[in-house]
Amino acid sequence: MLEIPISKEWWKPFHEFLDEISQLKEVEEVLFFEERSLYESNVFVVVSKESEEITKKVAEVMVRLKSKYPWASLSPMVLEKNSVAYTQFVTKGVHSA
1 MLEIPISKEW WKPFHEFLDE ISQLKEVEEV LFFEERSLYE SNVFVVVSKE
51 SEEITKKVAE VMVRLKSKYP WASLSPMVLE KNSVAYTQFV TKGVHSA
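The numbers in UniProt numbering rise by one with no breaks, and the one at position 36 of the sequence shown is 36.
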(Lines of atoms letter the chains of each structure in order from A and count residues from 1; the text may use other names and numbers.)
(Lines give C-alpha, C1' and ligand atoms only; values in the text may rest on other atoms or scores of the structure.)
Protein backbone atom coordinates (compact mmCIF):
# COMPACT_ATOMS: atom_id res chain seq x y z
CA MET A 1 0.00 0.00 0.00
CA LEU A 2 1.34 3.41 -0.97
CA GLU A 3 1.61 5.78 1.96
CA ILE A 4 0.50 9.33 1.37
CA PRO A 5 2.42 11.95 3.37
CA ILE A 6 0.25 13.84 5.86
CA SER A 7 0.64 17.07 3.91
CA LYS A 8 -0.84 15.51 0.76
CA GLU A 9 -3.55 13.71 2.71
CA TRP A 10 -4.52 16.99 4.38
CA TRP A 11 -5.20 18.66 1.02
CA LYS A 12 -7.33 15.85 -0.46
CA PRO A 13 -10.67 17.16 0.88
CA PHE A 14 -9.88 20.62 -0.50
CA HIS A 15 -9.08 19.29 -3.97
CA GLU A 16 -12.22 17.14 -4.03
CA PHE A 17 -14.28 20.12 -2.87
CA LEU A 18 -12.71 22.29 -5.57
CA ASP A 19 -13.38 19.68 -8.27
CA GLU A 20 -17.07 19.38 -7.37
CA ILE A 21 -17.84 23.03 -6.64
CA SER A 22 -16.01 24.40 -9.69
CA GLN A 23 -18.39 22.47 -11.94
CA LEU A 24 -21.47 24.32 -10.66
CA LYS A 25 -22.58 26.98 -13.16
CA GLU A 26 -23.31 29.49 -10.38
CA VAL A 27 -19.71 29.44 -9.14
CA GLU A 28 -17.43 32.11 -10.60
CA GLU A 29 -14.31 31.24 -8.61
CA VAL A 30 -13.06 29.57 -5.46
CA LEU A 31 -10.66 31.54 -3.26
CA PHE A 32 -8.57 30.51 -0.27
CA PHE A 33 -6.28 32.10 2.26
CA GLU A 34 -2.67 31.17 1.55
CA GLU A 35 -1.56 29.27 4.62
CA ARG A 36 0.33 26.07 5.39
CA SER A 37 -2.92 24.24 5.90
CA LEU A 38 -6.63 24.87 5.67
CA TYR A 39 -8.63 25.83 8.71
CA GLU A 40 -12.29 26.68 9.05
CA SER A 41 -13.65 29.45 6.82
CA ASN A 42 -10.46 29.79 4.79
CA VAL A 43 -12.22 28.78 1.57
CA PHE A 44 -14.62 31.10 -0.20
CA VAL A 45 -16.99 30.15 -3.01
CA VAL A 46 -17.64 33.25 -5.11
CA VAL A 47 -20.96 33.44 -6.95
CA SER A 48 -22.52 36.13 -9.12
CA LYS A 49 -25.64 36.14 -6.93
CA GLU A 50 -25.92 34.41 -3.57
CA SER A 51 -28.87 32.05 -3.28
CA GLU A 52 -30.23 29.40 -0.98
CA GLU A 53 -29.75 26.86 -3.78
CA ILE A 54 -25.98 27.37 -4.07
CA THR A 55 -25.58 27.38 -0.29
CA LYS A 56 -27.47 24.07 -0.18
CA LYS A 57 -25.26 22.57 -2.93
CA VAL A 58 -22.09 23.59 -1.07
CA ALA A 59 -23.50 22.04 2.12
CA GLU A 60 -24.30 18.77 0.30
CA VAL A 61 -20.73 18.52 -0.99
CA MET A 62 -19.41 19.18 2.52
CA VAL A 63 -21.62 16.45 4.04
CA ARG A 64 -20.18 13.94 1.54
CA LEU A 65 -16.62 15.06 2.23
CA LYS A 66 -17.08 15.04 6.03
CA SER A 67 -18.27 11.43 5.87
CA LYS A 68 -15.21 10.53 3.79
CA TYR A 69 -12.73 12.71 5.73
CA PRO A 70 -14.12 13.12 9.27
CA TRP A 71 -10.93 14.90 10.38
CA ALA A 72 -11.21 17.65 7.76
CA SER A 73 -11.95 21.11 9.11
CA LEU A 74 -12.87 22.64 5.77
CA SER A 75 -15.79 25.04 6.23
CA PRO A 76 -16.40 27.10 3.09
CA MET A 77 -18.22 30.41 2.97
CA VAL A 78 -20.34 31.54 0.00
CA LEU A 79 -19.67 35.14 -1.06
CA GLU A 80 -21.46 37.22 -3.64
CA LYS A 81 -19.01 38.77 -6.10
CA ASN A 82 -18.35 42.49 -5.51
CA SER A 83 -20.18 42.46 -2.17
CA VAL A 84 -18.64 44.25 0.81
CA ALA A 85 -17.60 40.91 2.35
CA TYR A 86 -16.02 39.78 -0.93
CA THR A 87 -14.04 43.01 -1.24
CA GLN A 88 -12.81 42.75 2.36
CA PHE A 89 -11.62 39.16 1.96
CA VAL A 90 -9.93 39.78 -1.39
CA THR A 91 -7.96 42.72 0.03
CA LYS A 92 -6.84 40.53 2.95
CA GLY A 93 -4.90 38.16 0.72
CA VAL A 94 -7.10 35.42 -0.62
CA HIS A 95 -5.95 33.68 -3.78
CA SER A 96 -7.65 31.80 -6.59
CA ALA A 97 -7.68 28.06 -6.05
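Glycine included, every Cβ here is placed at the ideal spot set by N, Cα and C.
Problem - Option in I21, K81, K66, A72 with minimal Cα separation from residue 109 - result: Limits of the chain in this structure are 1 at one end and 97 at the other, which puts residue 109 out of reach.
Exercise for the section: Determine, using beta carbons only, whether K56 and E80 come nearer to each other than 8 Å. Expected result: Start at 1 with the first residue of the sequence shown, and residue 56 comes out as number 56. Start at 1 with the first residue of the sequence shown, and residue 80 comes out as number 80. K56 is not a Cβ neighbour of E80, given a cutoff of 8 Å.
Practice task
Count the other C-beta atoms from every protein chain shown that fall within 10 angstroms of the C-beta of V61, then say buried if there are 16 or more, exposed otherwise.
Solution key: Taking the sequence shown and counting its residues from 1, one reaches residue 61 at position 61. Buried, by the Cβ-count rule.
Problem - Opening and closing residue of the alpha helix (DSSP H) in which E52 lies - result: Walking along the sequence shown from the start, residue 52 turns up at place 52. Per DSSP, E52 belongs to the alpha helix (DSSP H) from 52-68.
Practice task
Indicate whether V46 and V58 have their beta-carbon atoms separated by less than 8 Å.
Solution key: Taking the first residue of the sequence shown as 1, we reach residue 46 at position 46. Taking the first residue of the sequence shown as 1, we reach residue 58 at position 58. It is not a contact, given that the beta carbons lie outside the stated cut-off.
Handout entry: Backbone CA spacing between H15 and E53 [nearest angstrom]
Key = Counted from its first residue, the sequence shown places residue 15 at position 15. Counted from its first residue, the sequence shown places residue 53 at position 53. H15 and E53 have their C-alpha atoms spaced approximately 22 Å apart.
Problem - DSSP beta-bridge partners of F17 - result: What you label residue 17 is simply residue 17 of the sequence shown in a count that begins at 1. Bridge partners of F17 according to DSSP: none are assigned.
Practice task
Would you check if the distance between the CB atom of V43 and the CB atom of L65 is smaller than 8 Å?
Solution key: Here residue 43 is taken as the residue at index 43 of the sequence shown, counted from 1. Here residue 65 is taken as the residue at index 65 of the sequence shown, counted from 1. No; because the gap between Cβ atoms is not below 8 Å, this pair is not in contact.
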